[in-house]
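Worksheet: one structure, shown below.
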Amino acid sequence: MCGLAGFWQLHGDAQDTLLQQVQAMSAQLTHRGPDDSGLWCDESTGVALAQRRLSILDLSPAGHQPMHSACGRYVIVFNGEIYNHLDLRERLLAEGTAPAWRGHSDTETLLACFVAWGIERTLQASVGMFAFALWDRRQRVLTLARDRLGEKPLYYAWQGDTMLFGSELKALKAHAVFRADIDRDALALLLRHDCIPAPYSIYRGVFKLRPGHLLHISADAPRDAQPVPYWRYNDAVSAGLGNPLHGTDAEAIDALEAQLSASIGAQMLSDVPLGAFLSGGIDSSTIVALMQARSARPIKTFTMGFGENGYDEAMHAKAVARHLGTEHTELYVRPEDALAVIPRLPSIYCEPFGDSSQIPTFLISQLTRRQVTVALSGDGGDELFGGYNRYLGARTTWERMQRLPSFARQAGAGALRAMSPAAWNRWFERVKPLLPKRWHLATPGDKAQKLADVLTLSSGHAFFLNLASQWKDPGSIVIGAHEPMTLLTDPAAWPHTDSLAQWMMAMDAQSYLPDDILVKVDRAAMANSLETRVPMLDHRVVELAWRIPLHQKIRDGEGKWLLRQLLYRHVPRELIERPKMGFGIPLDSWLRGPLRDWAEALLDENRLRREGYFHPAPIRQKWKEHLSGRHNWQHRLWTVLMFQAWLEESRRGSS
9 MCGLAGFWQL HGDAQDTLLQ QVQAMSAQLT HRGPDDSGLW CDESTGVALA QRRLSILDLS
69 PAGHQPMHSA CGRYVIVFNG EIYNHLDLRE RLLAEGTAPA WRGHSDTETL LACFVAWGIE
129 RTLQASVGMF AFALWDRRQR VLTLARDRLG EKPLYYAWQG DTMLFGSELK ALKAHAVFRA
189 DIDRDALALL LRHDCIPAPY SIYRGVFKLR PGHLLHISAD APRDAQPVPY WRYNDAVSAG
249 LGNPLHGTDA EAIDALEAQL SASIGAQMLS DVPLGAFLSG GIDSSTIVAL MQARSARPIK
309 TFTMGFGENG YDEAMHAKAV ARHLGTEHTE LYVRPEDALA VIPRLPSIYC EPFGDSSQIP
369 TFLISQLTRR QVTVALSGDG GDELFGGYNR YLGARTTWER MQRLPSFARQ AGAGALRAMS
429 PAAWNRWFER VKPLLPKRWH LATPGDKAQK LADVLTLSSG HAFFLNLASQ WKDPGSIVIG
489 AHEPMTLLTD PAAWPHTDSL AQWMMAMDAQ SYLPDDILVK VDRAAMANSL ETRVPMLDHR
549 VVELAWRIPL HQKIRDGEGK WLLRQLLYRH VPRELIERPK MGFGIPLDSW LRGPLRDWAE
609 ALLDENRLRR EGYFHPAPIR QKWKEHLSGR HNWQHRLWTV LMFQAWLEES RRGSS
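Going from the sequence shown to our numbering is simple: count from 1 and add 8.
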């Protein structure tokens, strides 16, 4: 895991000037690679590359970057891991195209494959997570690329006649030519999604490379370059649905266990200490169980708790760890520990990011880094195997409510809104003993509020967009904004599936997963110089998951059915069965308590009006309703607060 940065200055410049600029960019990424750094530039072409290294494979100087191919044609800066790079070396050897190896890093393997096979064939053959910048000295072409699922980030932008690129936005901002303006349209997307989806960023003209895409920039026509895909998620969906598994449930479990275990085995390759996050939920418990099954020594596992009902899974993780025999570490965080992270968030995320689970993700990464340098996580299980409540809702709530006349749905929505979320929570606690287990919900008040929002919608697509949105009409909140088209609003980019639930899963995997979940994990982990790996996002697992029929994912009102059956081979069912909690914090009560003064200052009406980005009235209304306890607007308010805090930090940094 590393950080990369660089630029291509078309008019060229003196070598000292190029190195000075790229060094400034590199310095912003020290947290991503504290073990080593390297610079390279070509004065004749104006290309400069920088890399910060977190040493994971080949800790010797042979792994140093920027790295040159053996033939001298290519120079690369690379962030990530190629898990099958030893297999790729064997293929090169069998073909007679292997160079005289200088070390055993995956970066050297990648360069050799580029020489032998070309860029796209190499990427098709590679299994991994990555972002890289590759300079072809012979053809004078700069190639930027990102892994299939979007685990590793890559920003790029033309600023005048200079192409800037880097792992994080702060690296681009360090270059002297950076002069970007806040994009109000992207700000509207932030309010809808809690994040800014690729290819957009908070700055106009600054882009994120989409997952599974390449960008070839040629000296002949540099500004004509457009990203092109080398792998499409929708193709994996179509191929899987067109060639489903037809065996028994047991055969499907066997197939999943074999592939997931193989992927985990490849991702356990490391020259530094390795462990795993363990929440005690289905996804992380499955990853840890299969890791432990492959290891002769106890796997190091890590969890965190807040000690508050509805937010604390530490006791469940401890029980799973005890059963599997892992070397388990847990940390119970005080509210003041979590609150102390908040001032750091604008710098950690470098563009506004509104998913409040960024706080516990940072804290668990901080805890984990004290003992290991690499941690595996269970992210991706919900999107691949039908874990989110909205997928169940697509098959039950949505279908059933469509049978009701409009007036009945309107009345139902009104009834749900008649009680506050806190009142719903209290009522559910009283009647929980009388309800079937599948109705034992965490935070039922919030779910009742969401159900009220969707009862009156007219289509499944609108149902999904509503559930995927915080502010439902962000264009009316952001002054001068026109919300741009995204995957969620572009029917031409939608996957073709057999059901609404499958469609939602495929949409989440291409939007919520890479733009929110993976951004959150990458920035929080790398702020602590921790590499994270996500076995369920091995593209071979993804492609297998789409061959698994929906009835083996969602069955009897329960999501992730097949994944559960796999886990039950290793962990008793009674340790796992409980309501899904997620990875949150008691933000609603914090905003009414210890964070109230901080939030009030950022949401001050005069301040909002003076800064000129938001219409103050709707934000102030939500804030008053939240403080009263009548509504829980924690997520909508947090997104606004994160922009306000980021704006304050960015202005402080530029002054």
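Glycine is no exception: its CB is placed at the ideal position from the N, C-alpha and C atoms.
With a 10 Å radius around the Cβ and a threshold of 16 neighbouring Cβ atoms, R61 comes out buried. For G158, the CB contacts under 7 Å within the same chain, skipping 5 residues up- and downstream, are P219, P522, L526 in chain order. Assigned with DSSP and collapsed to three states, G401 falls in helix. The criterion of a C-beta distance shorter than 9 Å is not satisfied by L558 and L264. Three or more Cβ pairs drawn from the stretch 385 to 398 and the stretch 288 to 308 lie within less than 8 Å of each other, which places the two stretches in contact. A direct Cα-to-Cα measurement between A419 and P161 gives close to 45 Å.
Straight through space, the alpha carbons of S373 and G11 are spaced by roughly 17 Å. R615 sits away from V382, with the two beta carbons spaced by 9 Å or more. Per DSSP, C121 is not a residue of any beta strand (DSSP E); the alpha helix (DSSP H) it occupies stretches across 114 to 125. Of the other Cβ atoms in all chains shown, fewer than 16 fall within 10 Å of the Cβ of H254; this residue is therefore exposed. Exclusion of the five residues before and after H221 leaves A153, R154, P235, V236, P237, Y238 as the residues of its chain whose Cβ lies within less than 8 Å of its Cβ. Comparing alpha carbon positions, the residue from S226, C203, D228 closest to K216 is C203. No Cβ-Cβ contact shorter than 9 Å links R110 with C121. Within a 10 Å sphere around the beta-carbon of S287 sit 16 or more other beta-carbons, which makes this residue buried. Taking C-beta atoms under 8 Å as the contact rule, P452 and N433 qualify, at a distance of about 6 Å. Rounded to the nearest whole angstrom, the CA to CA distance from A460 to A133 is 47 Å.
Looking only at H623, R628, D596, G488, the smallest Cα-Cα distance to A609 is reached by R628.
Residue state for W143 is assigned as strand, using DSSP reduced to three classes. For the pair R548 and Q300, the Cα-to-Cα distance works out to about 21 Å. Taking every protein chain shown into account, the CB of A304 has fewer than 16 other CB atoms within 10 angstroms, so this residue is exposed. At a Cβ-Cβ threshold of 9 Å, I210 and P360 count as neighbours.
By a beta-carbon distance limit of 8 Å, V135 contacts Y91. Their separation comes to about 5 Å.
Around the CB of T38, fewer than 16 other CB atoms lie within 10 Å, so the residue is classed as exposed.
Judged by DSSP in its simplified three-state form, S467 adopts coil rather than helix or strand.
Here DSSP, grouped into helix, strand and coil, assigns Q73 to coil. Using a C-beta cut-off of 8 Å, the stretch 241 to 254 makes contact with the stretch 549 to 569, since at least three inter-stretch Cβ pairs fall below that distance. A straight-line Cα-Cα distance of about 34 Å links G483 and P230. Under the DSSP assignment, K181 falls in the alpha helix (DSSP H) whose first and last residues are 177 to 181. Between the stretch 190 to 201 and the stretch 462 to 481, the count of C-beta pairs closer than 8 Å reaches three or more; the two stretches touch.
Here the stretch 21 to 29 makes contact with the stretch 38 to 57; the two share three or more CB pairs at distances below 8 Å. By the Cβ neighbour-count rule, K181 is buried, with 16 or more other Cβ atoms within 10 Å of its own. Non-local C-beta neighbours of S269 in its own chain, meaning closer than 8 Å and more than five positions away in sequence, comprise L298, A301, R302, ordered along the chain. Cβ-Cβ separation between W143 and V55: approximately 5 Å, consistent with a contact (criterion under 8 Å). Taking the Cα positions, A141 is about 50 Å away from A430. DSSP places L495 in the helix class (H, G or I) of the three-state scheme.
Closest in C-alpha terms to V214, from the list N242, G248, A179, comes A179.
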